[in-house]
Structure formats: C-alpha cells, structure tokens
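Data block below; observations after.
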Amino acid sequence: MKNLFAANINQDLVISALEESSNDNHQLMVMNFGVGAKVRILQKYRDAVIIAKDNMRLVLSADIASKIFCH
Amino acid sequence: MHQKFPQIALIGNPNAGKSTIFNLLTGKNQKTGNWSGVTIDKKYGFFKEKGKQYQILDLPGIYSLDSAISKSEDEKISQKNIIENEDQIFLNIVDSSNLEKSLFLTTELIDLNKPMILVLNMMDLHDKAKIFIDTNRLSEIFGIKIVKINSKDNNIEELKRAIVDICQNKNLPKRGVEFNKKINEATDVISKKTNLNKWQTLEYLKESKIKLESKSKFTAEEEKIISQNSGDKIDFNIINDRYKFINTILTSILRKDSIFTRNISDKIDHIIMNPFVGIFVFLATLYSMFFFAINLGGSFIDFFDIIAGSIFVDFTEIIFSSLNFPKSLIIILSHGVGGAVKTLCNFIPIIFFLYLFLNLLENTGYMTRLAFISRRFTKLAGLPDKSFVSLAMGFGCTVPAIMSTRTMKNFKHRVITNFMLPFVSCGAKMPVYILFAAAFFPENGQNIIFLLYLTGLILAIITGFILNRSFVKSESGSIILDLPPFSMPKFGIIIKDSYIKVKNFIFSTGKNLIPIIIVLTMLNSFGTDFSFQKNNENSILSKVGKATAPIFYPMGIEKDNWQAVVGIFTGMFAKEVLVGTLDNLYGNQDLESDNSDYNFLSDFRLAFTTLNNNLIDLSNKITDPIGIRIDNIKNLEIESQKQEVKISTFKSMREKFNGKIGAFAFLLFILLYSPCMTALVTSKKEIGKKWAILSAIWSTSIAYIVAVIFYQLAILI
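In order, the protein sequences belong to chains W and Z. The opening position of the first sequence corresponds to residue 21 in our numbering, with each subsequent residue numbered one higher. The opening position of the second sequence corresponds to residue 105 in our numbering, with each subsequent residue numbered one higher.
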C-alpha cells in the first residue's frame, strides 16, 4: 500500500517500520501497535482516519496515519 | 502514616478498569479519568484481609514509562510514582480485549524488577468476542501471578488472596523482553558494574537523566560499547523489540475464533464523527452545555446568594452587633469574611452544573469525540488542539476553563489557551454589560452585548494566533485519540464526582479568595487615617481610585469618575463584585445595613421563590442560552429593580461617563482586562506564576490599548 488514502474503508492495513522516529510516532507505536500490526480502516476523512484493532478504536490525524501506513 | 501498610499500586492504561478494581477492593466509589478537569491526584484506599490492612493506590492511567514519550500532567504523576517508589507492589491492570497494546506497559513494569500481579480485566468482553487466552502459559512466561476479573463474577476474593500472598513472598518477575544483541551487549556491560534495574539501564542508554555513581569504573572498551548503543536511535529499537516480544507471546497464548464486526459504538461514530453532521452535534452539545450550566445552574445563583448572604453576612452582622463589637470589626467580619464566603457560594451552582454536564459527556464517551471534532475549528485558526473546548467553557466561567487545560500534553498549548481565556466573556461579566446596556443603550442593548462577546472571541483567537507563531511556538497539530466505546452514563458516579470537584474548588479557591476580599473590604471601609468610614467616598480604596483615575483618562474616564476606577480594581477580585461596587459608589451607599427585621425563614422563603421563578423562566431561555437577547430598555425604574441597583446609579453613570462612547470604551476594558483573582490563582496553579502574571499583563495591556484606540477614534469621528 503506497498511500493510506488509496485504501478503502473496511480494508486491513499493516503498520510499516518508520525510517525516522519522532515523538508523535513513538507515542503511537508505544500506545497502540508496534510494527507489523494489522489494523482495519473504519472511517476515512480528509483530515483523519478511524482505525480498529480488536476492541480498540483509534482516531489518527492524516499526517500521522500517512506516515505509519506508507513506506 | 501510610508507610506502615503494604502499598499496592494499581497501574494500567487509561480505561483499563483500574478504578472499578480500586472500588471493588476498597469498597469506595471513586472515579478516575483522562480528560479535562478530572482530578489528577493519586487516590488512596484500604482493604483488610486476614486481620492485616493493605493500602491501595489508584494512579491515573499511563501508556508507557518511557521518558522519550510526551506525557500529560496526570501521566507524569503515575510515571514518577511508579519509578521512584521503591517499596510498592504493582497490580498491573490489563484490558484483556486489547492485550497487544496493554502488555507494552507490562513489559516495562517487569523491567523495574518489583513484585507484581497481572490482572486481566474485562474477561467477559473477551469471552463475548470468542477470544481465548492461555493464562497459565502467560503466567509461566512472565513468572508472575495472573488473576482474571470480569464484571459478572468479579473474582475479587482471589485477587485479595493473591495480594496477601505477594506481600508475604515478594515474588519477582522471572522473564522480561529479550532485546536484540546490540542492546543486550550494552545493558550487560552496565548491569555488571551498577545496581541499576533493566528499565534504568535502558533509560541510561537513551541518555536520559539516569545518573551512574560508578560510571568511572567502565573501561574504555566498555564505554565504547555503551556509546555505540545509546542515544536517540535506541528508542525505536527498544520499542520495536518490546512489540516483537509481545507478538511472539501472543502467538502462543491467544486464539481468536471470531471475525471482525462493527459494534454499536462504531455505528454511532459513523454519524457523529462525520465532518458535517458531527459539527451540528458538536454545536448542539455546546448549546446544551450553556443552557445546562449557565441557565439551569444560574437559576440557583439567587438561591445561594440569598441564603449565603443571610447566613454569612446578615446573621454574622447581627451576632457581632449584639456582642457589641466595634463597628469596623463587624463590617470586616460580616461584609469581609462573610461577603467572601457569599461570593464563593455564588460560584457553586454554575460550577457544579458545568462539571455535571462535562462528567456526563465523559461518562458516555463523547468527550473524546468532542476533542477531535473541535480540533477541526482550532486547526483552521492554527490554535492548539483541545483549546476550543476550554474556550467554550470560558463562556460559563474562566476558572474551570483554565483547569480544563491541564490535560493538554504540550505545556505551550496550555500557556496559549490560558492567555486566550481572559478574552472570552465569562458569565460574571454579563451583569455589568446589562447594567451599562440599561443606562446607555436602552434601544439596542442586545447588539452591544453581542458585539462585546464577538470582540472578545476575536481577540482570543488573535492572541492564540500570535502566540502560536511567535515566542511560544507549538508543535504540529498531530493527534492520536483512543476512542472508548459509548456507554450508558452512571448518574450516581457523575453526581458524586461533580460534588467532589466543587468541594475541591471551594476549599482550594476559598483559601486564596477570602483573604483578598477581606483586604478589599478593609480598604473600602477605612480612611487613610485608619478611621472607620461610614461613607466609603473617603476610604483608602476611593483615594486610590481618585489617584489612579488619570491613567484611564485616555479611554474616557474623567477624574471625577473615580468610582469606575475602583470598579475596575474590585472587578479584579471577582467580576460579579463590579456591579455591586458601581452601585455602591454611584448610588452613594454605605456598608451599614439595617438588619433590624432580619428573619432567616423569610430569607429562606425568598430564596425558594427566586429558585421557583428562575426555573419557570428557564423555558424563555432555551432560545437565549447566554442571555444575549435583552428586551428594549426604556423604563429605568423597572430596569433598576431588575438589576437590583438604585435609580440614582443609572443617573450618576450617565453624568460621569462621556455618553455612549465612554461607556462602550469602559465595557471594552472590562471585557478584556485581567481575569478575576480566582482565575489568576487557578492559572498560577496550572501554568506557573510567571506565565499567569504575564497573561494578566497581556490581557490588561490589550484591554487598555483597545479601549483607548476605540475612544480616541470614536470622539474624532
């Protein structure tokens, strides 16, 4: 998957490794997933995306989402 | 006192169910949370088992102990407690339906090498989702006791037995994360020469604040190994290794038989998170908050005002008069101390109803969504995330609005929002607007007040915009929000939590506010020769007002209008005091009151009558939640009765101010200048003394500049 926003709602995406880490990305990784985790897109907006993994639901702003799903 | 009992700290991610377990263990009914205004203090409780007492410490939720990850104030409290308290036993509460995420913190706690129990909570949800966890295997891997808890058969007795057991045996975890070769090599070098635990060793590698006493003992080769495997890059490797380890474990202990389905919360989110529908729901929620807090809460203000006035002011005055206390002391005790308590009591209903509403939003799970939706507004103006929620609260009362900034992780965002809030017109300024509208703008008062609200909001946004792009430049507006599932509110908990917050507010604010109001009363009751002044025209405060009046001359306040200047000073202490001050000074009223016909029962009846009338009047306010709409005011006598001010006040005001231009310039200043003392004290607590003072200077300077520019331009035109 080259770009998150080419993905469809209900599609599963795998979190890619990050070339450069930053606080925001770290936080995301630590809080919720880890590299290689599979998540499902529940909603997609211009500025954000809602993803699901097990019973967890997360809303990510587009900048973060596009970093962790594009590699 | 607490130290003699074994202390067990409840640790886990937000929404993992720590408070439920705390309540089950201690029999208390306390609540924690992770959003604006929730108390961030630790909570203690006790339980007794086999004749021995155990202390339970409920900590705010935390995702990670990693120092590289930014944390909000409540997370910092947890982090500090977990890391620094040597004698604690950890009770790690884990949401079993989100094991991958929850076990990250578990692996960090294991690295601290302290006795711990892993509590798998929400097992019923897990069963519903047809997910099976091999807890015996998990227990073997970590070498720690695991207890399963669910909402049906709590299993709390087994948890208590496990706590008793671990307090006696102090069993330590057997296995933590297996990091990659390079990290292991570096940690081995450090651990051989120091007493650091695994977590401290890793923190040292990350070049954090961990200091080694024995650093000099490292050989040159060891120093090289450490320096090659330390620094910023190691953060990512450590996180990655933790997740690899967790995923390896989950592969062997977790079995899922279900396929992913959207639940009811997902369906609600589909509607309310939508950029278009979501904004309508958001605006309706804000409108409801105004109505609920300002109007419904405001309906009780008269009740509190009359009852508190009767008890703390009138009754106090009668008691001390009957004891033949000197007049000056009676005034200080009744109008000073009693008046301060009364002022504080007037805050109670609005703050209680505001908390009630906000707790309701939090309890249902909407608050997190609200923070996200409001971000769409704030992002447009380049303002900090979550600032919109605080600004909206500021229309009610600046104090809880300032308190709501504490969950912003970025300190600069908190500073910016604190700078913006004084410009948002709080409910306490409304009586001043109405008084001036009645005196100077009887035909179009509502437009003038709307203009003031709008001016304040625009200046708040401009302030945020300037600060965001200048000396407190903030980071990007990236956002990650955990969406809890929607749930039915628990009204008992909501009411109790609101009560606790109001109680905390009264005590923490009261100790600062009361001395200030006492001083103010004394300054307003004594002359420069320290003689008691029956007529406060000659009081110290009046003299100060007269002396400082020229400062305000450029904004249209003439020297003989010193009453307005005193009003500005008293408004600093509490905005609602301003109307009383103006009425007092313009109406030439002295502080002595006639209490010969004092009757508490009659005051009580009057208080109930006002409550009844205000509640009946609520229906008229549904379309006017912040009371902006004012009917045309033509009959001053009727309006003076409505505003509880004397007719002479209106006449004096018209004589002293330079017409509508002078009055509006004064209103602009009142709208924009420093928030009340309570808000400033709260601001000091939230962002520190330096920023709180700077914020007051900023808002007062802007107020002065805007008022002067308006007045000077208006008289030219």
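Just so you know, even glycine gets a beta-carbon here, dropped at the ideal spot from N, CA and C.
In chain Z, which residues lie less than 8 Å from residue i when you measure between Cβ atoms?
i, result
"W/Asn28", "What W/Asn28 touches in chain Z: nothing, since even the nearest Cβ is about 15 Å away."
Between the options, which lies nearest to residue i when the distance is taken from Cα to Cα?
i, options, result
"Z/Glu282", "Z/Asp339, Z/Asn240, Z/Lys348, Z/Met220", "Z/Lys348"
"Z/Ile197", "Z/Leu263, Z/Ile187, Z/Met377", "Z/Leu263"
"Z/Glu289", "Z/Ser756, Z/Glu326, Z/Asn273", "Z/Glu326"
"Z/Ile253", "Z/Leu276, Z/Phe476, Z/Ser200", "Z/Ser200"
"Z/Leu771", "Z/Gly402, Z/Gly280, Z/Ser799, Z/Tyr808", "Z/Tyr808"
"Z/Gly443", "Z/Lys516, Z/Thr420, Z/Asp370, Z/Ser425", "Z/Thr420"
"Z/Ile343", "Z/Ser168, Z/Ile565, Z/Thr804", "Z/Ser168"
"Z/Tyr391", "Z/Lys297, Z/Ile338, Z/Met497", "Z/Met497"
"Z/Cys780", "Z/Ala769, Z/Ile801, Z/Phe150", "Z/Ile801"
"Z/Leu458", "Z/Tyr603, Z/Ile375, Z/Asn378", "Z/Tyr603"
"Z/Leu437", "Z/Met626, Z/Lys663, Z/Ile237", "Z/Met626"
"Z/Pro593", "Z/Gln304, Z/Ser356, Z/Leu465", "Z/Leu465"
"Z/Leu556", "Z/Ile353, Z/Lys607, Z/Gly568, Z/Lys533", "Z/Lys533"
"Z/Gly568", "Z/Phe481, Z/Val648, Z/Lys647", "Z/Phe481"
"Z/Arg473", "Z/Phe590, Z/Ile434, Z/Glu662, Z/Ala542", "Z/Phe590"
"Z/Pro504", "Z/Glu790, Z/Gln157, Z/Gly402", "Z/Glu790"
"Z/Asn467", "Z/Ile821, Z/Asn119, Z/Leu114, Z/Pro110", "Z/Asn119"
"Z/Gly660", "Z/Val268, Z/Lys274, Z/Phe768", "Z/Phe768"
"Z/Thr447", "Z/Ile610, Z/Ala818, Z/Ala668, Z/Phe527", "Z/Ile610"
"Z/Ser206", "Z/Phe384, Z/Leu354, Z/Tyr777, Z/Leu129", "Z/Leu354"
"Z/Lys278", "Z/Lys218, Z/Ala668, Z/Phe236, Z/Ile267", "Z/Lys218"
"Z/Lys328", "Z/Gly155, Z/Phe340, Z/Leu309, Z/Ala543", "Z/Leu309"
Show which residues of chain W have a CB atom less than 8 Å away from the CB atom of residue i.
i, result
"Z/Ile583", "Ala68, Val79, Leu80, Ser81, Ile84"
"Z/Leu476", "Checking the displayed sequence, the identity of residue 476 of chain Z turns out to be Phe instead of Leu. Ordered by position in chain W, the residues that pass the 8 Å Cβ test against Z/Phe476 are Ala68, Val79."
"Z/Arg480", "Asp67"
Could you have a look at residue i and say whether DSSP puts it in helix, strand or coil?
i, result
"Z/Ile144", "Summary for Z/Ile144: the model assigns pLDDT 46, below 50, so the residue's position carries little reliability, and this model does not support an answer."
"W/Ala72", "strand"
"Z/Met66", "There is no way to answer for residue 66 of chain Z, as the model of chain Z reaches only from 105 to 821."
"W/Ala57", "coil"
"Z/Lys154", "coil"
"Z/Lys264", "helix"
"W/Gln31", "coil"
"Z/Arg473", "helix"
"Z/Thr136", "Because the pLDDT of Z/Thr136 is 43, which lies under 50, any placement of that residue in the model is unreliable, and the question is left without a value."
"W/Lys22", "Note on W/Lys22: pLDDT 46, under 50, position unreliable in the model; the coordinate value appears next. The answer is coil: DSSP assigns W/Lys22 none of H, G, I, E or B."
"Z/Ser756", "helix"
"W/Ser81", "strand"
"Z/Lys663", "coil"
"Z/Ala113", "strand"
"Z/Val223", "strand"
"Z/Gly443", "helix"
"W/Asp67", "coil"
"Z/Leu487", "coil"
"Z/Ile610", "helix"
"Z/Gly401", "coil"
"Z/Lys249", "strand"
"Z/Arg279", "coil"
"Z/Asp170", "coil"
"Z/Asp345", "helix"
Kindly list, in the order they appear in chain Z, the residues whose Cβ is closer than 9 Å to that of residue i.
i, result
"W/Leu62", "Arg366, Asp370, Asp373, His374"
Am I right that residue i and residue j are in contact with their C-beta atoms under 8 Å? What's the rounded C-beta distance?
i, j, result
"Z/Leu587", "W/Leu33", "Not a contact, Cβ separation roughly 18 Å."
"Z/Phe386", "Z/Ile455", "Incorrect: roughly 23 Å between the Cβ atoms, too far for contact."
"Z/Phe630", "Z/Ile618", "Rounded, the Cβ-Cβ distance is 19 Å, inconsistent with contact."
"Z/Ile250", "Z/Thr239", "5 Å"
"Z/Asp406", "Z/Trp303", "Between Z/Trp303 and Z/Asp406 the Cβ distance is about 57 Å, and since that is not below 8 Å, they are no contact."
"Z/Phe540", "Z/Ser803", "In fact, because the Cβ distance is near 20 Å, the residues do not count as touching under 8 Å."
Taking C-beta pairs closer than 9 Å, name the residues in chain W that residue i reaches, listed in chain order.
i, result
"Z/Ser201", "Asp74, Asn75, Met76"
"Z/Met626", "Result: empty, since nearest Cβ-Cβ is about 51 Å, beyond 9 Å."
Chain W partners of residue i, CB-CB under 7 Å?
i, result
"Z/Pro379", "Tyr65"
Determine whether the Cβ of residue i lies closer than 8 Å to any Cβ atom of chain B.
i, result
"Z/Lys205", "Among the protein chains in the structure shown, which are W and Z, there is no chain B."
In chain order, what are the residue ranges of uninterrupted alpha helix (DSSP H) at least 4 long that sit wholly in the stretch 524–606 of chain Z?
534–544, 549–573
In the stretch 190–216 of chain Z, which residue ranges form an unbroken beta strand (DSSP E) of at least 3 residues, counting only runs that do not cross its ends?
Correct list: 193–199.
Alpha helix (DSSP H) segments (min. 4 residues) lying fully within the stretch 405–440 of chain Z
405–412, 420–426, 431–435
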